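*Asks:*
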Amino acid sequence: MASSSISSDPITPSNTKIGWIGTGVMGRSMCGHLIKAGYTVTVFNRTISKAQTLLDMGANLADSPTSVAAQSDVVFTIVGYPSDVRHVLLDPKSGALSGLRQGGVLVDMTTSEPSLAEEIAKAASFKNCFSIDAPVSGGDLGAKNGKLSIFAGGDETTVKRLDPLFSLMGKVNFMGTSGKGQFAKLANQITIASTMLGLVEGLIYAHKAGLDVKKFLEAISTGAAGSKSIDLYGDRILKRDFDPGFYVNHFVKDLGICLNECQRMGLALPGLALAQQLYLSLKAHGEGDLGTQALILALERLNNVSVQPSVS
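The opening position of the sequence shown corresponds to residue 171 in this note's numbering, with each subsequent residue numbered one higher.
1. Which residue or residues does DSSP assign as beta-bridge partners of N323?
2. Residues in the same chain with beta-carbon distance under 6 Å from H257, minus the five sequence neighbours each way, listed in chain order, please.
3. Could you pull the start and end residues of the alpha helix (DSSP H) that S462 belongs to?
4. With distances taken Cα to Cα, identify the nearest neighbour of A443 among S364, I390, R406.
5. Consult DSSP for S173 and reduce its assignment to one of helix, strand or coil.
6. Tell me whether S174 is buried or exposed, calling it buried when 16 or more other Cβ atoms sit within 10 Å of its Cβ.
7. Should R434 go down as buried or exposed, given a rule of 16 or more other Cβ atoms within 10 Å for buried?
8. With which residues is D278 paired in a DSSP beta bridge?
9. Can you tell me the Cα-Cα spacing of A172 and D333, whole angstroms?
10. May I ask you to list the residues that DSSP assigns as paired with N230?
11. Where does the unbroken alpha helix (DSSP H) through G456 begin, and where does it stop?
12. Determine the closest residue to E470 out of D459, A207, P183, L408, with distance taken between C-alpha atoms.
13. Do G316 and H203 have their beta-carbon atoms positioned less than 8 Å apart in this structure?
14. L373 by DSSP, collapsed to three states: which one?
15. For L373, collect the residues of the same chain with a Cβ closer than 7 Å to its Cβ; drop the 5 residues on either side in sequence, then sort them by chain order.
16. State the Cα-Cα distance for the pair L369 and Y403, rounded to the nearest angstrom.
17. Among the residues of its own chain, which have a CB less than 6 Å from the CB of G197, if the five just before and after it don't count?
18. Can you tell me the Cα-Cα spacing of A291 and M366, whole angstroms?
19. Could you tell me the distance, in whole angstroms, from the CA atom of S482 to the CA atom of G309?
20. Going by C-alpha distance, which of P183, G273, K341, L231 is nearest K206?
21. Measuring only the C-alpha atoms, how far is C432 from A438?
22. Do K187 and D243 have their C-beta atoms closer together than 8 Å?
23. Tell whether a beta-carbon distance below 8 Å holds between L311 and G415.
24. Need the endpoints of the alpha helix (DSSP H) that I400 sits in, please.
25. Does the beta carbon of K187 come closer than 8 Å to any beta carbon on chain D?
26. Does I181 come out as helix, strand or coil in the three-state DSSP assignment?
27. Consult DSSP for L381 and reduce its assignment to one of helix, strand or coil.
28. The beta strand (DSSP E) with G189 in it runs from where to where?
29. So the alpha helix (DSSP H) I290 belongs to, where does it begin and stop?
30. Going by C-alpha to C-alpha distance, which of G273, K263, Q446, G228 sits closest to S178?
31. For P180, which of R331, G250, T361 has the nearest alpha-carbon?
32. When you compare only the Cα positions, how much space is there between L224 and T347?
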């Protein structure tokens, strides 16, 4: 635990400068809410074109994570893989932690390894800084609408102080000490994986039974089978819209982390293992850059069918 503390004044646009690393599908929208709220934001992204929307809104561009941190009180990261998190935060030459002032805060919103979250928190504490792991759930629509579910691990007082920032992106849920935010997000991904599998299997069954799949989806959405997955992805699946709200590649990464943790914990979760195998098959077919709703393609291939809504 760092001995230094962030200022006791409430966080406002006038006293808190924000850094943002990672401006992909999710990060771009999340960061945009902070800019709209009046915060001074400095961004870094490997592909500058992906940050252009935010630069047009008034964000400043930095040439490295270190440079972002040197100009910021709170630095958010939302990147692809644990290796990316390690690089942008802990690299001794270019990482954000090396540029952060005492009392500064790192907030990693990437879905990553709990052990890495703990490692970052220790490194931050050594520099009298703070680190919060705060992965999110809600996909691209949740990010755009500021309705994400945020799972936070770390120092509870720091998480509470960051609430003015988190509340612009969604609802923060404090889960416990460093790494517990990541554990909560991984449990969330396990739940989503089997829910998505149930959704696409139901659609394929309904299609094979000769039902109008659009009417079927509408019928079940308000009953016990209703879910956020149906709300977010049902229509997209029927329209063959596989644009990523969340990439298959990243979901395979998340489920792989879950399985590694299961092995370490001595847990058998067969639903998780099955879902991960089916998502791996999408990747094997070159579909890793599609959204997670593309799972229907794997089940269609297994059954030699194509689910198409009836033309009314």
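Using N, Cα and C, we set each Cβ at its ideal position, and we do this for glycine too.
This structure is a prediction, so every number in the text was calculated from the model and none was measured.
*Replies:* To lay it out plainly:
1. According to the sequence shown, residue 323 is Gly rather than Asn. For G323, the pairing in a beta bridge is given by DSSP as D303, G346.
2. Here the set comprises nothing.
3. The displayed chain sequence assigns Thr, not Ser, to residue 462. Per DSSP, T462 belongs to no alpha helix (DSSP H) and is neither H nor E.
4. A443 has its Cα closest to that of S364, out of S364, I390, R406.
5. Because the pLDDT of S173 is 37, which lies under 50, any placement of that residue in the model is unreliable, and the number read from its coordinates should be weighed accordingly. The answer is coil: DSSP assigns S173 none of H, G, I, E or B.
6. Confidence at S174 is low in this model, with a pLDDT of 41, below 50, so its placement is unreliable and the value that follows should be read with caution. Its Cβ having fewer than 16 others within 10 Å, S174 is exposed.
7. So R434 ends up on the exposed side.
8. Note: D278 sits in a beta bridge opposite T247, D303.
9. The predicted model places A172 with a pLDDT of 40, which falls under 50 and marks its position as unreliable, so this point remains unresolved.
10. Per the DSSP secondary-structure output, N230 pairs in a beta bridge with T212.
11. If you look at G456, you'll find it isn't in any alpha helix (DSSP H); DSSP assigns it neither H nor E.
12. Of the candidates D459, A207, P183, L408, L408 places its Cα closest to the Cα of E470.
13. Taking 8 Å as the Cβ cut-off, H203 and G316 qualify as a contacting pair.
14. Helix at L373.
15. The residues are V383, I407, I466, V477.
16. Distance from the CA of L369 to the CA of Y403, rounded to the nearest whole angstrom, comes to 9 Å.
17. Only I248 meet the Cβ criterion.
18. Each residue's Cα considered, the two are about 33 Å apart.
19. Unreliable placement is indicated for S482, whose pLDDT of 49 sits below 50; the coordinate value is still reported in the next sentence. Their backbone Cα atoms lie some 30 Å apart in a straight line.
20. Out of P183, G273, K341, L231, P183 has the C-alpha closest to the C-alpha of K206.
21. Between C432 and A438, the C-alpha separation is close to 7 Å.
22. Going by C-beta atoms, K187 is nearer than 8 Å to D243.
23. Contact annotation: L311 and G415 have beta-carbon atoms nearer than 8 Å.
24. From DSSP, the alpha helix (DSSP H) with I400 extends over 398-408.
25. Given the protein chain composition of this structure (a single chain), no chain D is represented.
26. Residue state, collapsed to three classes: coil.
27. Three-state DSSP puts L381 in coil, outside helix and strand.
28. Here the beta strand (DSSP E) through G189 covers 188-191.
29. According to the DSSP assignment, I290 belongs to the alpha helix (DSSP H) that extends over 284-296.
30. Among G273, K263, Q446, G228, the Cα nearest to that of S178 belongs to G273.
31. When only C-alpha atoms are compared, the closest one is R331.
32. Straight-line Cα distance between these residues: approximately 32 Å.
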